[in-house]
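*Asks:* Numbering (our numbering), first residue to last: 130 to 229.
Every residue gets a Cβ at the ideal spot worked out from N, C-alpha and C, and that includes glycine.
Structure in structure tokens, see below.
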Amino acid sequence: MEITTVGIDLAKSIFQVHAVDAAGQVVVRKALRRAQVVPFFAKLPRCLVGMEACGTAHHWAREHMRLGHDVRLMPPAYVKPYVKRGPKPMRTMPPPSARR
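Following this line, the structure appears as structure tokens:
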């Protein structure tokens with residue numbers, strides 16, 4: 130059950146990490162604070178790390194590459210298919226005239 134691929138959702142303070150093995154089974158799914166990211170990835174064996182290309186993505190890519198990981202940045206348009214929603218899609222709010 131060795132981690133082969135990790136996806137990380139970059140944010141301001143809380144990062145979501147999703148790791149799978151070679152068979153595609155989920156191994157890790159957790160939230161990390163900014164200070165926990167580098168120590169967490171330092172403990173992992175070398176693997177493929179995928180992240181959305183955003184403002185801080187190049188900084189985090191360099192940090193992960195320094196630890197020996199293979200990093201791939203994806204344009205936001207290619208990340209959208211991986212987003213999962215809940216069972217009910219968000220309903221649009223009715224116009225102000227209908228709420229009275």
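Let me check you understand the geometry: is the CB of alanine 186 closer than 8 Å to at least one non-hydrogen atom of the ligand NAP?
*Replies:* As for the ligand NAP, it is missing from this structure, which has no ligand bound.
*Asks:* Helix or strand or just coil, what does DSSP make of arginine 192?
*Replies:* As written in the sequence, residue 192 is glutamate, which differs from the arginine given in the question. Three-state DSSP puts glutamate 192 in a helix.
*Asks:* Pull up the distance between the alpha-carbon of alanine 148 and that of valine 157, whole angstroms please.
*Replies:* Each residue's Cα considered, the two are about 5 Å apart.
*Asks:* For the beta strand (DSSP E) that contains lysine 159, what are its first and last residues?
*Replies:* Start and end: 155-162.
*Asks:* Please determine if the region 193-212 and the region 162-174 are in contact, where contact requires at least 3 C-beta pairs separated by less than 8 Å.
*Replies:* As far as the Cβ criterion goes, the region 193-212 touches the region 162-174, which means the pair count is three or higher.
*Asks:* Under three-state DSSP, which class holds threonine 221?
*Replies:* Confidence at threonine 221 is low in this model, with a pLDDT of 49, below 50, so the placement of that residue should be treated as unreliable; the coordinate-derived value is given next. Reduced to three states, the DSSP call for threonine 221 is coil.
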